[in-house]
Every structure is written in structure tokens, then in C-alpha cells.
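Take a look at the structure set out below.
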Amino acid sequence: MASHLANIYGTEQDRVNCSFYLKIGACRHGDRCSRKHIKPQFSQTVLLPNVYNNPSHTPEGLTMTKDELQADFDRFYEDFFIELCKYGNVQEMHVCDNIGDHLEGNVYVRYEWEAEANKAVEQLNNRWYGMRPLHAELSPVSDFREACCRQNELGECKREG
Numbered sequence: 001m002a003s004h005l006a007n008i009y010g011t012e013q014d015r016v017n018c019s020f021y022l023k024i025g026a027c028r029h030g031d032r033c034s035r036k037h038i039k040p041q042f043s044q045t046v047l048l049p050n051v052y053n054n055p056s057h058t059p060e061g062l063t064m065t066k067d068e069l070q071a072d073f074d075r076f077y078e079d080f081f082i083e084l085c086k087y088g089n090v091q092e093m094h095v096c097d098n099i100g101d102h103l104e105g106n107v108y109v110r111y112e113w114e115a116e117a118n119k120a121v122e123q124l125n126n127r128w129y130g131m132r133p134l135h136a137e138l139s140p141v142s143d144f145r146e147a148c149c150r151q152n153e154l155g156e157c158k159r160e161g
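In C-alpha cells:
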């Protein structure tokens, strides 16, 4: 029995733990999810939900060219990356382009050490960005290849982006 539970832990067959939360650190059901969202006590990865306001998801963005949209993203990425480097050695930084409320504009940053991620969470929770308070939390995501929705990348996601 224990080996069976170990084999299904974190998969869609796991009826106790939310596989989506474990893979991407977010779940479209949020607090209403019927499965557990186990928040890590230690992690190298920090999640900052809904930080990047992608102009292409707004009426104003419809008038922007592809180059203008890319320039807007590049400015945000550089500015935020420099900010995140103040807390430690950033290994990876990813910004979600999905349109689902639980993913839109999420920033994931993986530090070299757990202590750096903890420092970032402590400091970022006292900061504002884009006239909004930041909310930082440790994330269970460790492999971003698994965290990316291939269906969304192909424009075929049926789970609200």
C-alpha cells in the first residue's frame, strides 16, 4: 500500500494532494480545491502571483504592435530580474503568459539556495511593484519543464489558460 501511494503522489491519480499545485504552485480552484495544497517549508523557488500585467490581455494592448508588446515585457523582465538578484543568485526566472486567473502574470524565481529564497520571500512581502503590494511565497515547483502547460503553448489549453 505504501509503495502504491508513493507511486501516485503528486499525479492526477492522487486523490489527496493536488497535482496541479505540486507542478505549478497554483491551482485554478484555489482554496475551494478538494485536494490538499501542501505549502513547502523549504524551497529554492519563490512564486509571486499576478505581478506582470501583460498589456496584450487588456483593451489598450490590442493597439500595440508585437514589437511594443515585446519591449514592454523586456522592460518588466529586466527590472524585476535586477530586483530579485538583490536576494541571491537567481538560477531561473519565468513569467506566466497564461490567461487563467491563477496563473496570469505569475513570476517564478529559482535561487541557488533555499536561504536565498527565504530571504526573498521575507523582503518581497514588504515591497510594492506597479502600485500593488507584492505577495511572495515558497513554491513546490522545482522542474519548470513540467510546470509549463504544453497545451497553452500550443494555444489549445482547455483549463482556462
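The sequence shown begins at 1 in full-length UniProt numbering and counts up by one.
No residue lacks a Cβ here, since even glycine has one placed at the ideal position from N, Cα and C.
I need the straight-line Cα distance from residue i to residue j, nearest angstrom please.
i	j	result
Cys-33	Asp-72	34 Å
Asp-78	His-29	Looking at the sequence shown, residue 78 is not Asp but Glu. Taking the straight line from one Cα to the other gives about 31 Å.
Glu-68	Tyr-111	30 Å
Arg-75	Leu-84	14 Å
Asn-126	Asp-143	28 Å
Ile-82	Cys-18	33 Å
Val-95	Asp-31	23 Å
Ser-139	Ala-120	12 Å
Met-64	Thr-58	10 Å
Can you tell me whether residue i is buried or exposed? The criterion is at least 16 other CB atoms within 10 Å of its CB, across all chains shown.
i	result
residue 250	For residue 250 there is no data in the structure shown, the boundaries of the chain being 1 and 161.
Ile-38	exposed
Phe-42	exposed
Glu-122	exposed
Gln-44	buried
Lys-23	buried
Val-141	buried
Leu-62	exposed
Based on the DSSP output, what are the partners of residue i in its beta bridges?
i	result
Trp-128	Pro-133
Thr-45	Arg-110 and Ser-139
Lys-36	Asn-17
Glu-92	Arg-110
On the premise that residue j lies in contact with residue i, defined as a C-beta separation below 8 Å, what is that separation, rounded to the nearest angstrom?
i	j	result
Tyr-129	Gly-25	At roughly 19 Å, the Cβ-Cβ gap does not stay under 8 Å, so Tyr-129 and Gly-25 are not in contact.
Asp-97	Asn-54	6 Å
Contact the region 134-144 vs the region 48-57: 3+ CB pairs below 8 Å: yes
Under 8 Å: do the region 115-133 and the region 80-95 share three or more Cβ pairs, one atom per stretch? yes
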